[in-house]
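Numbering (mature numbering (1 follows the signal peptide of the UniProt record, and there is no 0)), first residue to last: -18 to -1, 1 to 190. C-beta: ideal position from N, C-alpha, C; glycine also. Quick caveat: nothing in here was measured; it's all calculated off a predicted structure. Here is the structure we will look at, set down as structure tokens.
Shown next as structure tokens:
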């Protein structure tokens, strides 16, 4: 009994120590802000999307504008002005392996819209990844479902009568830093919106 209590307490401490790191997608033009993040094992990284339409795709260092097999993919998240209500969150599971990512919209990757988590300061650096991306011949969008490898969530929406939270999430069996994981995610593509049912539900809520 005492042993189980110790294990439970240790788990809670681990959760408490985990941190979240925010990355702004397109807030300052065709860039991730910041474009490099240092995260510990168990930490989360949340991507916030800005106009007009961007995505976050995991890549390998050698192929900066191509999706990595088993990697994460946010899907395209459009917003006409300001920050989108939709965020994409991944969990860092292997701090010894850098996580590389890019935006697959148009030629954004070739414009230097790439980033990294736990990139080394020597050797395969973020600067070399950016330079490699700018010389890439193609910018490829994954064929997997939006939300693969992470969690898509809609932020709170406030009306005159109160606040309603709408969310959608999907998780895959692959890890953010692993190239071997695979899995299915939510069938709802962000670029297709929340759907008629959610829209009508929200309108009904506003006029209650």
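The residue from 107, 116, 33 with its alpha-carbon nearest to that of residue 66 is 33. Going by C-alpha positions, residue 19 is about 26 angstroms away from residue 119. According to the DSSP assignment, residue 43 belongs to no alpha helix (DSSP H), since it is labelled neither H nor E.
If you check the CB distance, residue 64 and residue 36 do not come in under 8 angstroms. For residue 96, there is no enclosing alpha helix (DSSP H); the residue is found in the beta strand (DSSP E) stretching over 96 to 99. C-alpha of residue 104 to C-alpha of residue 14: approximately 21 angstroms in a straight line.
Under the three-state reduction of DSSP, residue 126 is assigned to coil, being neither helix nor strand. Taking a C-beta distance under 8 angstroms as the contact criterion, residue 94 and residue 116 qualify as a contact pair. When C-beta atoms of the segment 88 to 102 are compared with those of the segment 49 to 60, fewer than three pairs fall below 8 angstroms, so the two segments do not count as touching.
Here the alpha carbon of residue 49 sits roughly 15 angstroms from the alpha carbon of residue 80. In this structure, residue 27 lies near residue 74, with their beta-carbon atoms less than 8 angstroms apart. The three-state secondary structure of residue 134, taken from DSSP, is strand.
Here residue 100 is near residue 77, since their CB atoms are less than 8 angstroms apart.
In the three-state DSSP reduction, residue 54 falls in the coil class, being neither helix nor strand.
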